[in-house]
Every structure is written in C-alpha cells, then in structure tokens.
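Quick notes on the structure that follows.
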Amino acid sequence: MRCTNSKGIKLLSLLICFSLLATGCSFTKSEASDSYNFEASSVGSKQTKGTNGFFGSELCVTDDVNFGTEQVNSQNSEGAGVFNVTENEVTYNKNIYKKLYPASTTKILTAYIIIKNCNLNDMTTVSENAVKQGADSSVCHLKAGDKVSIKTLLYGMMLESGNDAAIALSEYYAGTPSDFAKIMNQTAASLGATHTHFVNPNGLPSDDHYTTVYDMYLMFNAAIKLDTFVDIISTKEYQATYISASGQETNQLWKNTNYYLNGHADTPDGFKVIGGKTGTTDAAGYCLVLYSKNSNDDDIISIVYKGNNKSNLYSLMTQMLTEFGN
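If you want our numbering, it's the 1-based position in the sequence shown plus 1.
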C-alpha cells in the first residue's frame with residue numbers, strides 16, 4: 002500500500018470502540034435517532050435545519066417518525082429517505098434509522114476511503130483472492146496477476162459494481178479485506194454513522210454487515226464532497242486499460258449500473274441526476290443511493306433500501322424526488 006493519509010487510525014479506533022460501547026449492535030428506533038446527538042427542530046414532518054455540533058458541520062437531521070409515506074408507493078421499500086443537502090432538510094423519512102443490509106452501496110465508503118487517502122495513479126496486482134467470486138457475483142472480470150491502477154479499479158467497482166475490484170482495493174490499502182473493514186468502521190464512526198458495521202468492502206451478505214438509510218446519507222454526503230468521487234459516479238461508461246498477467250495491454254468497457262444514467266429509467270422532470278450506487282442481494286433487496294440536483298440547483302441525496310423489485314425501486318425513487326426533492 003502507498004497511501005497519503007493513514008494517520009489518525011488509532012484515534013478513530015478509540016472513537017469506534019466508544020461508539021460501540023455506547024450504542025451496542027442492536028437498537029430501537031428511538032435509541033437510534035437519539036444516539037446521533039443531533040438537534041431536530043420539529044417532529045413527524047419536514048425537518049428544518051439542524052446543527053451537528055459534535056462533528057462541527059450542519060447536517061440534515063430528524064427524529065424517528067416516518068413522514069411523507071402516504072404520498073408515494075412507500076410499501077415498495079423497507080427504508081428510504083430524501084435529504085436536501087443545500088437546505089439541511091430531511092424531506093422524506095421511512096425507517097431511516099432501521100438496521101438494513103446495504104449490498105453494493107457499501108462500496109461508497111470503500112471508494113471514499115481510497116480516494117481520500119491514496120495516490121490513484123498507483124498500480125496494484127490483482128490477487129487470486131480478489132478474483133475468487135461466486136458465479137452470480139458482480140465482477141469486472143479481472144484475473145489474478147493483472148496490474149491495474151487504483152483509479153481504474155475505482156471505476157470498475159463503482160460503475161460495473163465489481164466485487165473483485167473492491168477486494169483488490171481493500172488488499173492494496175490494508176493488506177486484507179478484514180483489516181480494511183476495520184478501517185471502514187472507524188471511518189464510518191468518524192462521519193457520525195454510529196449504526197453501521199461492515200465486514201467486507203463490497204457488501205456481500207453477512208448478518209454483521211449492516212447500516213441504516215441515515216448512516217448511508219452521512220457517508221454519501223461526505224463522499225460527494227470529493228470531486229473525484231463525483232466524476233466517477235457520474236460516468237456512464239469507462240474504457241478501462243490495464244496490463245494483463247501475461248504483460249499484454251488489456252481493454253474493457255465498463256458501464257454504469259444506474260438506470261437513470263444508462264437510459265433504462267427516465268430522469269424526473271426538473272432534476273439532473275449526477276450519479277450514485279446501486280446494490281442488490283437477496284437479503285438487501287434492491288437498493289439505490291442517488292445524488293441529484295433539483296430545479297433550484299440544490300444538492301439532493303435520496304436513498305431507497307430493500308426495494309421489492311428493480312422496476313418499483315426506480316418508480317419509487319422518481320416519486321420521492323418529484324414529491325420531496327424540490
């Protein structure tokens with residue numbers, strides 16, 4: 002690993018230990034919202050600005066009361082939220098503090114850590130472990146011995162949702178995926194995501210791998226402040242070039258799995274979809290984390306977790322943006 006900012010991990014370790022001791026690994030809805038220690042100014046409706054004094058920046062805050070669910074087909078997901086980042090408002094809330102499985106939206110935090118700390122021009126060699134993925138696993142079709150830049154792996158992980166790319170990045174940064182997961186949990190805690198626990202960099206199912214809609218908002222909100230992250234998630238397709246194990250230059254075309262970007266879903270009127278991350282497993286259902294701009298040029302984060310099918314996922318997301326994104 003050759004990264005530029007690995008200091009502070011010990012300090013973050015203390016933070017995550019304190020967080021886990023304070024909150025435990027299971028929680029009720031009221032415990033979840035209270036433990037963030039944010040100041041929400043109203044109950045059970047669109048929330049006004051609140052300040053997260055502990056972390057020193059304004060964030061969207063709310064309590065654990067669902068609102069807006071009667072105006073959309075909310076039954077099509079287990080959890081969802083709309084967050085106006087510009088106005089610091091939560092405008093839609095369905096179970097945003099409920100423990101849910103994130104599937105490949107996990108890769109948002111993986112990308113955040115790598116982009117923030119590493120030289121993206123570095124090259125790494127893909128391991129046998131990275132390419133050992135299940136038959137139904139989402140992959141970039143990398144092979145052991147391939148020499149790939151960190152930047153290229155990021156595109157493969159975020160566009161093609163390559164689990165092999167995610168493992169390769171974790172091994173480059175931390176040596177092993179399990180050691181990288183420890184850093185993920187430390188980083189999540191540092192961002193205020195105190196009800197997140199990850200055990201791998203790609204989101205493959207595990208009972209101990211979970212987050213909440215609100216925690217994912219916190220992590221994604223941090224990530225979209227990085228220009229490189231936004232450049233990657235807004236890319237429709239990427240021509241990857243790297244050196245194969247045999248020493249030959251290899252090319253692959255990787256396409257974004259986001260239906261709003263690849264033309265399979267219509268962008269809601271008055272919105273510009275910048276990008277995001279999809280995720281799907283049996284346990285997690287159909288997931289989408291999205292960054293958009295509304296007609297006022299406000300930054301909007303919208304999240305749907307555990308959608309019941311892909312069509313309903315995008316239909317619900319469009320409804321949420323239309324009703325609560327402006």
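Yeah, the Cβ is synthetic: ideal placement off N, Cα and C, and Gly gets one too.
message = Going residue by residue through the segment 181–246, where are the continuous beta strand (DSSP E) segments of at least 3 residues, counting only ones entirely within it?
response = 238–244
message = Taking the alpha carbon of residue 172 as the reference point, which residue from 190, 142 and 132 has its own alpha carbon closest?
response = 132
ask   = Helix, strand or coil: how does DSSP classify residue 62 here?
value = coil
inquiry  = Tell me which residue opens and which closes the alpha helix (DSSP H) that residue 83 is part of.
reply    = Taken as a continuous stretch (DSSP letters only), residue 83 belongs to no alpha helix (DSSP H), being part of the beta strand (DSSP E) at 80–85.
task = Please go through the segment 240–306 and give each complete beta strand (DSSP E) segment of 3 or more residues, from N-terminal end onward.
result = 250–256, 273–282 and 286–294
task = List the DSSP bridge partners of residue 124.
result = 150
task = Please look up how many angstroms separate the CB atoms of residue 275 and residue 235, rounded, as I've assumed it's under 8 Å.
result = 5 Å
query = Opposite residue 174 in the DSSP bridges: which residues?
reply = The partner list for residue 174 (beta bridge, DSSP) is empty, contrary to what the question assumes.
inquiry  = My output table needs one value for residue 93: the three-state DSSP class, helix, strand or coil.
reply    = DSSP places residue 93 in strand when its eight states are reduced to three.
task = State buried or exposed for residue 223, treating a residue as buried only when at least 16 other CB atoms are found within 10 Å of its CB.
result = buried
message = Quick test of the definition: if touching needs 3 or more C-beta pairs under 8 Å, does the segment 160–180 touch the segment 198–210?
response = yes
inquiry  = Given this structure, state the Cα-to-Cα distance separating residue 289 from residue 299, to the nearest angstrom.
reply    = When rounded, the distance between both Cα atoms is 19 Å.
message = For residue 82 and residue 93, which I take to be in contact (beta-carbon distance under 8 Å), what is that distance rounded to the nearest angstrom?
response = 6 Å
request  = Taking residue 316 as part of the alpha helix (DSSP H), name the residues at either end of that continuous run.
outcome  = 311–325
ask   = Taking the Cβ atom as the reference point for each residue, do residue 193 and residue 227 lie within a distance shorter than 8 Å?
value = Taking 8 Å as the Cβ cut-off, residue 193 and residue 227 do not qualify as a contacting pair.
request  = Note down, in chain order, each residue of its chain lying with its Cβ closer than 8 Å to the Cβ of residue 8, except the 5 sequence neighbours on either side.
outcome  = Any answer about residue 8 is weak, because its pLDDT of 41 lies below 50 and its placement is not dependable; what the coordinates show is given next. No residues qualify anywhere along the chain.
task = Kindly list the residues whose CB is nearer than 7 Å to the CB of residue 296, restricted to its own chain and excluding five residues on each side of it in sequence; keep chain order.
result = 271 and 327
ask   = Just how far apart, CA to CA, sit residue 168 and residue 68?
value = 38 Å
key: Contacting residues, own chain, Cβ-Cβ under 8 Å from residue 74 (five flanking each side not counted)   = 313, 316, 317 and 320
ask   = residue 189 to residue 121, Cα distance in whole Å?
value = Looking at the two C-alpha atoms, the distance is approximately 22 Å.
ask   = Using CA coordinates, which residue listed in 294, 88 and 263 is at the minimum distance from residue 273?
value = 294
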